[in-house]
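Add 9 to a position in the sequence shown, counting from 1, and you land on the number used in my numbering.
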Amino acid sequence: MIKGMYTSASGMLPRIKKVDGLCRITSAGVALQSGIAGDYVKVKDKGSGKIILARVVDGTAVAVDP
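Printed below as a string of structure tokens:
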């Protein structure tokens, strides 16, 4: 990846994903920070309003690690 190119930019609307065994939860979010794949960024869950730390998966999704 070219340095300076963000996978997830502040203000983007990624899907928040949480997978734990057979259970998969997804929610809409708003990225509060920019990052590249593998970075941890703050994301606001649009449903609950909570701010969480999530790992950037790609330009459309972040993941909450167990």
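Note that the Cβ used here is the ideal one computed from N, Cα and C, for glycine as well.
For Thr3 and Lys53, what's the separation of their Cα atoms in angstroms? The requested residue 3 does not occur in the structure, where the chain is confined to residues 10 to 75.
Just to confirm before moving on: does the CB-CB distance between Val50 and Val66 stay below 9 Å? Locating residue 50 in the sequence shown gives position 41, counting from the first residue. Locating residue 66 in the sequence shown gives position 57, counting from the first residue. For Val50 and Val66, no; Cβs fall outside 9 Å.
Opposite Lys26 in the DSSP bridges: which residues? Along the sequence shown, read from residue 1 onward, the residue named residue 26 stands at position 17. According to DSSP, residue pairing for Lys26 in a beta bridge involves Thr35 and Ala72.
Hey, how far is the Cα of Leu4 from the Cα of Ile45? Only positions 10 to 75 of the chain appear in this structure, which leaves residue 4 out of reach.
Around the Cβ of Ile60, are there at least 16 other Cβ atoms within 10 angstroms (buried) or fewer (exposed)? What you label residue 60 is simply residue 51 of the sequence shown in a count that begins at 1. Exposed.
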